[in-house]
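Accompanying notes for the structure given below.
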Amino acid sequence: MPPHDLKVRPHPLQVAIKMINTQKVTEEFRSKFLPREIECWKRLNHPHLVRILGHYEAMQHVFLTMEFASGGDMLQHVQRKGPVKERQAMIWMSQVISAVYYMHTRGIVHRDLKLENIVIFPEEGIIKISDFGFARSVIRGDALSETYCGSKSYSAPEILKGEPYDPYKSDVCNYEQIKTFNNRSVGVIAFVIVTDCMPYCEKRPNPQIVEAQRLRAYEYPSKLHLSPECRFSIDTMMTFSWRDRPNISHCSCLPWFQSLMSNNAHGMKLPLARLK
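For the sequence shown, position 129 matches number 129 in UniProt numbering, and the numbering has no gaps at all.
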C-alpha cells in the first residue's frame, strides 16, 4: 500500500490507503468480510493497533485510509536484517500481547496474526498490528468458530485439522477454544523474529504439519544463544493442545516478559494474570 499525502494544514499527514476493487472480490468478501473489517477497525483504539482514519467508496472501489508505517512490516524487517535481538524482540512481543489482549477483552479476535500484519513505526520505536480482514466479534464466551482463516505457518493444530476452534486461543499460536485462538500465532511470530526461520514448513500436507507441531519438531539455532526464558515462553505459547495453551493475559506472565512487567519503560500496558 503506497503512502499518499492527505493535505492537512499546517503539515501534510502521510497515510496508507488500502484499495479494494469490489468487482474482483467474492460476494462473501464484499457482503461479509469487508463490512466486518471496517466495523472491527472502527471499534478499536489502542497504541499498538493501526488506526483507521476513514473509508469511502468510489468507482467500484472501497478505500480504507489508515496510519502509514514507514518501517514496513515485520517480515520485511527480518528478511532485510535477520534475527531480531532478544531484548528488542521481547519489547515488540510485549506490544503485540498488549494489543491482542485489548482486542480479546472487547470480544474481537484477529484470526490472521503473522509477520506481514505487524508494521513498524521507527519514529516512535513501536510496532502495531494491522489488517483486520479476517477479524470478527465473538459474542458468546463459549462459542466456537468454524471459519478457517489465516496462514498455515501460523495456524494452530485444531485449525489445520478442520476442527471447530476457540478463536481467542488460536490468536496466541493462531488459538483457548475461545480464549486462545490468536495465542499460538503470537508464539510463532516470536519464534520467527528471534530465529529468522519458520518452525514448520507450510508446503507440507496439513497432517504432517500437525504431527510436527505435536512432536515440537523445531529447533532454536545454538549460535543465537537465546535465553532459557525466551525459549520456554515461546514453547509455552505454541503448546499443542488448546486446552493447555495459555490465554493472552497469561502470556504476559511468562518468564521472558517478567523484567518488562516489573520495569516497564516502554509505555506498554501489559495484561496481568496469575498462572495457575
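Built from N, CA and C at the ideal position, the CB exists for glycine as well. Computed from a predicted structure; not experimentally measured.
Check: Taking the C-alpha atoms as reference points, what is the distance between Trp92 and Ala156?; Outcome: 22 angstroms
Check: Taking all protein chains shown into account, decide if Ala217 is buried (16 or more other Cβ within 10 angstroms of its Cβ) or exposed.; Outcome: exposed
Check: Beta strand (DSSP E) containing Glu211: first to last residue?; Outcome: It is not in any beta strand (DSSP E) - Glu211 instead sits in the alpha helix (DSSP H) that spans Asn206 to Leu215.
Check: When you compare the CB positions of Val186 and Met103, do they come within less than 7 angstroms of one another, or not?; Outcome: no
Check: Could you give the DSSP three-state label for His46: helix, strand or coil?; Outcome: coil
Check: So does the region 196-204 actually touch the region 57-75, counting three or more Cβ pairs closer than 8 angstroms?; Outcome: no
Check: Under the assumption that Phe232 contacts Gln213 (Cβ atoms under 8 angstroms), give the Cβ distance between them as a whole number of angstroms.; Outcome: In fact, because the Cβ distance is near 17 angstroms, the residues do not count as touching under 8 angstroms.
Check: In this structure, how does DSSP classify Gly54 when only helix, strand and coil are distinguished?; Outcome: strand
Check: Would you kindly report the start and end of the unbroken alpha helix (DSSP H) that includes Asn183?; Outcome: Asn183 to Thr195
Check: Using the Cβ count rule (16 or more neighbours within 10 Å means buried), how would you classify Gly162?; Outcome: exposed
Check: In the DSSP assignment, what are the bridge partners of Asn117?; Outcome: Asn117 pairs with nothing; no bridge assigned.
Check: Distance, Cα to Cα, Pro228 vs Gly107?; Outcome: 33 angstroms
Check: Please work out which residues of its chain come closer than 7 angstroms, Cβ to Cβ, to Trp256, disregarding the five sequence neighbours upstream and downstream, and give them in chain order.; Outcome: Met90, Glu229, Cys230 and Ser233
Check: Given that a residue counts as buried once 16 or more other Cβ atoms are within 10 Å of its Cβ, and exposed if not, what is Ile120?; Outcome: buried
Check: Who pairs with Ala128 in a beta bridge, going by DSSP?; Outcome: Sequence check: residue 128 is Lys here, not Ala. Note: Lys128 sits in a beta bridge opposite Val119.
Check: Using a threshold of 7 angstroms, state whether the C-beta atoms of Ile118 and Ile126 are closer than that.; Outcome: no
Check: Which residue marks the beginning of the alpha helix (DSSP H) containing Val96, and which one marks its end?; Outcome: Glu86 to Thr105
Check: For Gly69, which option in Gly133, Pro83, Leu226 and Val50 has the closest C-alpha, if you only look at C-alpha atoms?; Outcome: It should be pointed out that residue 69 corresponds to Ala in this sequence rather than to Gly. Among Gly133, Pro83, Leu226 and Val50, the Cα nearest to that of Ala69 belongs to Val50.
Check: Quickly, what does DSSP pair Asp73 with across the bridge? List them, please.; Outcome: Val119
Check: Ignore the nearest five residues each way along the sequence and tell me which others in Thr195's own chain have a CB closer than 7 angstroms to its CB.; Outcome: Pro83, Tyr220, Pro221 and Leu224
Check: Output the boundary residues of the alpha helix (DSSP H) element that contains Asp235.; Outcome: Pro228 to Met237
Check: Under 7 angstroms between the Cβ atoms of Ile97 and Cys251?; Outcome: yes
Check: Would a C-beta distance cut-off of 7 angstroms place His48 and Gln14 closer than the cut-off?; Outcome: no
Check: If you run the structure through DSSP and keep just helix, strand and coil, what is His250?; Outcome: helix
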